[in-house]
Each structure stands twice: as structure tokens, then as C-alpha cells.
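If you read the sequence shown in our numbering, its first letter stands for residue 1058, the second for the next number, and so on.
C-beta: ideal position from N, C-alpha, C; glycine also.
Note that the structure is predicted; figures quoted are calculated from it, not measured.
So the structure is just underneath, and the comments pick up after that.
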Amino acid sequence: MQKNQNKITPIIGMQWGDEGKGKGVARIASSLSPKDLIVRFQGGNNAGHTIYHKGIRYVFQLIPSGVFGQAQIHLGAGMVINPGALLAETKKIPKNVSFLKRISVSPHAILTMPTHLLLDSISEKTKGGKKIGSTGKGISPSYTDLTLRRALRVGDIFYSDFKKKYDHLSKEHQETLLNVFKYKVSAKELKENEKIFFEGIKFLHSLRITNSAELVAKTLSTRGKVIAEGAQGTLLDVRFGNYPFVTSSHTIASGIGTGLGVPPSFIGGAIGLFKAYTSRVGEGPFPTELGGEQSRIWCRDKKVADEKIKFPNPDPNSRNEFEQGVALRHLGGEIGAVTGRLRRTGWMDIPLMKYAIKINNATELILTKLDILSSFKKIKVCTHYIINGKKTQEIPFDLSRSQIKCVYKSFPVWKGELSDYGKKLPKEALDYVKFLEKILSVPIIYVGTGPEEHHCVERYWK
Ligand code: IMP
């Protein structure tokens, strides 16, 4: 990877998250050296980055996906960190992987407390039909405390008044839970969760704590590469996503500025990751969703087991779009890596992609999970929207309050599995890739054709 010498390379999800960033980052990480750096700049353990390493599947939520490479890894200032979850995650890493010498954490990152998790899930429950579908990991309350200027940060754990500050804030949270949400926190439950939290704090004490801004500047000045690993996706950005159906942080490339404390001039062109189709988890508008409203409600209310009973063998070529969506979910394993929820599925959406490319300055793209479409006879791409009778590729201010009609173009699908074709793409797949490249005006440097690292077709990969 030679891109962006002396600048940070952002790796950003172009859709609603779950674009396969873990595999993309792991692949880039394998070519990095100990003087290079992979950083997370926002979000917390709401993320779920799946990596297959030596045939074993790992899901990382807080630790950057470069853990199996040689580069330094850093949990940046813009993150929210649940210490117990961090400790649990490190225990999943095989003993022979020497990551502890390579990992560091920003003192400015926010600590997610047990009461943040309660505030998240209880407040979601009371929203009824207006819920966001949060991952329940306490992300929004943790960021809320940052802007309320009362959050606990990683650097606070080194001061003698840390426990006092913790107790004070926990008490405030419990009062809110009781007075606003009529929820009494059980002492037993709190004690158990605090035990896990403080074990995590002890673990944090053993890690290297480093200012993100200084670490990044130093790495760049010694000609090291810096990869900023995005989490979630562009459309979940708290300001530029489909508000309010978003996460609480800045998921886009410019979030690197405030997430790491670096000036805009440090941020190079982004590598944008996107799936060969679209998925989203949780609530909110989704113009190309297969089965539309029926799919949204189904995915909100049903579990994987329910779906398996009703659709043991969903037909990707069914005439019923809802069933096609179910088939796409089965084939793509589109089940939330963090929550186990059914992800909603639909076709590629070009207006949304163009928006994401523009606001992230994505100068290269990685297309993932193309193999998932192998069982379809025909696939579709939404090339335009029709809004108020007008054909457009621009997305409106509020996707949920606009009547959007999608204009589709269909493509025939290749025969057999993509892996049968080795390192070459069959004609139909190549036509699809070239079409996307042309309409998006950005080169697709790498195409994912299966879950493991070697399942890929490199196009202009340097
Ligand atoms: P929160 O980040 O847990 O507050 O959830 C807010 C919204 O973002 C919900 O719709 C979640 O399903 C979604 N979300 C959060 N993290 C991810 C992710 O890593 N992938 C996909 N969706 C996510």
C-alpha cells in the first residue's frame, strides 16, 4: 500500500456500516511494518469488524483490525471505550499474537460505564415507534456525557479521585433512570457490572496511554504510514447521515480531525469500502430495501430462528421481493455481528454512494462481497431517484420525509461461484464492476470474492 505518503489514509464505510471494513483493513495491515500505525478514531463496541485469520473467524469491536499484522495499533481520542469489553476482546486474541506491545490508548477517549448501557437500552424502550434501533452498547449516553462536560476519560483513571468521580456520575445516571424512566437499578446487577468495569480499568492501567495527535504526527514525520480505520458507515454519521437514525459520532473522514486531533491537511484521499448490495441494521429509511416496509418490520420483530422456520430455503430468484431480500440476508450472512439482529437488505444505491464518495473524498474504492450475488439470475442497481417527479442523483435533506421512487438498471449474473474463477472475474461480474466504476467515477482497486484474505481480485492494487 503506497497511497497517501505522509498523510493519513482513511478507510471509510460508504453505506450503513457492515461493508467488510475488517477484512479490508486486515488486508492492508498485512503489508505494514512496525513503524506504521492503524488507528480507530471514533465509535466504540457498537462496531463489529469481522476478520478471518488462519481459517478462524474473529469479531473485533474496539481493537483495530490490524491486530494480526506488525503495525502499531491505537484506540483514538474520538472513541468511547467500555473497559470490560476491551479486556474481554483481548482475551479472544491467540496467545502467540504479540499485540500488547503494539497497542496504545488515548487518554482523551471516553469511558463507557455500566449505567450508560442501562440508559441506552431503557431510553430506547421508552421511544416505542420512534426508536433508533441502537446496539444497546451505551454509545449515545457516553457521547452525551462528553458534550455535557461530565464524562470520565481514560486519562482520569490515573488520578486518586477517579472512584469518587465514577460514583458521582453513576449516581446521577441512576437518578435519571429512576426519575425520567421510572427504572430502579438493581444493586446486584450494578455490582456485577461494576466488577467487570473495574477489572477493565485495571487492564487499562497496564496499557500504553498516548496522545493520539502526537502519536500520529510522530508516525508521519518518521515516514510511517497511518491508516484510520472507520467504524459504522457514512450514512450513520451523526451530522451527515440519516439523522436521527444514526450513531452518535462522526463516522466520515473529517471525523479523523476531531477524533485524533490532527489538522485537515494531514488527511489524504479515502479508501471507500462498499458492498455489492446494501444492508442496514436498526430503524430508518432505506430506499432500495427489498420488500420495503414489510422487510423493515420483519427485521425489527423477528429473530434468526423465526426466519429459518418460515424460510428454510429462500429463493433468490423468487418473484416476491421480500423473499429475495430474505435470500440475500441468508447468502450474505447479514446478521448483526454485535447484536445478532437481522440486517435489512436491498440493492446497490448509486445516489447514496455518490454522496458518500463526495463527502469523504474517496479516491479509491473496495467492492466487497460480490460472491454473495452468485445465486441470483439478475441483480439490480438503483442509478437515480425520482423525487417530486424529478429524476435526480442527489439525496434529499430527509430521506424519511421524501417520497423516493428508485430507477433501476438490471444486470445478468455469472454462472457458478466466483471462487471457481480464481483471480479473474467472469465477464458478467467484470461488467458489473466496470459499470459501478464508471457511474461512480472512482477506481475500484480490489474486489472481495469470499470471506478469507485470499478471496479477492486485485485490480489497481499497489
Ligand atoms: P448506536 O451506535 O448503538 O447508538 O446505534 C445507532 C444506530 O447505528 C443503530 O441503527 C445501529 O444499528 C447502527 N449502528 C451502530 N454501529 C453500527 C455498525 O457498526 N454497523 C452497522 N450499524 C451500526
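query	result
Buried versus exposed, by CB contacts within 10 Å (16 or more), Pro1500	exposed
Cβ-based neighbour list, Glu1494, same chain, cut-off 7 Å, excluding 5 preceding and 5 following	Pro1500 and Ile1501
The region 1297-1306 touching the region 1092-1103, judged by at least three CB pairs closer than 8 Å	yes
Ile1065 vs Ile1324 beta-carbon contact at 7 Å	yes
Inside the region 1094-1169 only - alpha helix (DSSP H) runs reaching at least 4 residues	1140-1148
Within 7 Å, strictly: CB atoms of Ala1104 and Gln1118	yes
Met1071 - DSSP class collapsed to helix/strand/coil	coil
Beta-carbon contacts of Glu1140 that lie in its chain and below 7 Å, excluding the five residues immediately before and after	Contrary to the premise, residue 1140 reads as Pro rather than Glu in this sequence. Closer than 7 Å at Cβ, skipping near neighbours: Leu1168, Phe1254, Gly1257, Ile1258, Phe1260 and Leu1261.
Candidates Gly1314, Arg1386 and Ser1180, of which the one nearest Ser1269 by Cα	Gly1314
Distance between beta carbons of Thr1308 and Gly1290, contact taken as under 8 Å	6 Å
Straight-line gap, Ser1311 to Leu1456 (C-alpha atoms, nearest Å)	22 Å
Contact the region 1392-1401 vs the region 1280-1287: 3+ CB pairs below 8 Å	no
Which of helix, strand or coil DSSP assigns to Gln1059	Summary for Gln1059: the model assigns pLDDT 45, below 50, so the residue's position carries little reliability; its value from the coordinates is reported in the next sentence. Coil, per DSSP.
Run of the alpha helix (DSSP H) containing Gly1382, from where it starts to where it stops	Glu1378 to Gly1389
Straight-line Cα distance separating Glu1509 from Glu1421	21 Å
Min CB distance Thr1183 to chain D below 7 Å	As a matter of chain content, chain D is missing from the structure shown, which is built from one protein chain.
Cβ shell of Leu1089 (< 8 Å), same chain only, five flanking positions each side left out	Met1058, Ile1095, Gly1123, Gly1126, Gln1127, Ala1128, Lys1282 and Ile1284
Whether Val1383 touches Pro1371 by CB criterion (7 Å)	yes
Burial state of Ser1498, where buried means 16 or more other Cβ atoms lie within 10 Å	exposed
Extent of the continuous beta strand (DSSP E) run through Ala1394	Segment: none, Ala1394 is in no beta strand (DSSP E) and carries neither H nor E.
Option nearest Leu1430 by Cα separation, candidates Tyr1442, Thr1449 and Pro1373	Pro1373
For Asp1406, the residue or residues it bridges with in DSSP	Cys1439
8 Å contact criterion, which Gly1339 and Ile1189 should meet: CB distance rounded	6 Å
C-alpha gap between Lys1448 and Tyr1442, whole angstroms	6 Å
Option nearest Gly1212 by Cα separation, candidates Ala1166, Ser1263, Gly1193 and His1131	Ala1166
Cβ-heavy atom distance, Gln1351 to ligand 1, below 6 Å	no
Ser1336 vs Glu1391 beta-carbon contact at 7 Å	yes
The region 1145-1162 in contact with the region 1177-1185 per 3-pair CB rule at 8 Å	no
Sequence-distant residues of its chain with Cβ nearer than 7 Å to Thr1183 (five each side left out)	Phe1238
Segment limits, beta strand (DSSP E) that includes Leu1424	Ala1419 to Thr1425
Ala1104: CB within 6 Å of a non-hydrogen atom of ligand 1	yes
C-alpha distance - His1173 paired with Asp1488, whole-angstrom precision	48 Å
Gly1348 versus Phe1468 - alpha carbon distance	19 Å
Where the beta strand (DSSP E) through Gly1505 begins and ends	Ile1501 to Gly1505
Nearest to Gly1133 (by Cα), restricted to the options Leu1235, Gly1077 and Gly1318	Gly1318
CB of Thr1396 within 7 Å of CB of Thr1192, strictly	yes
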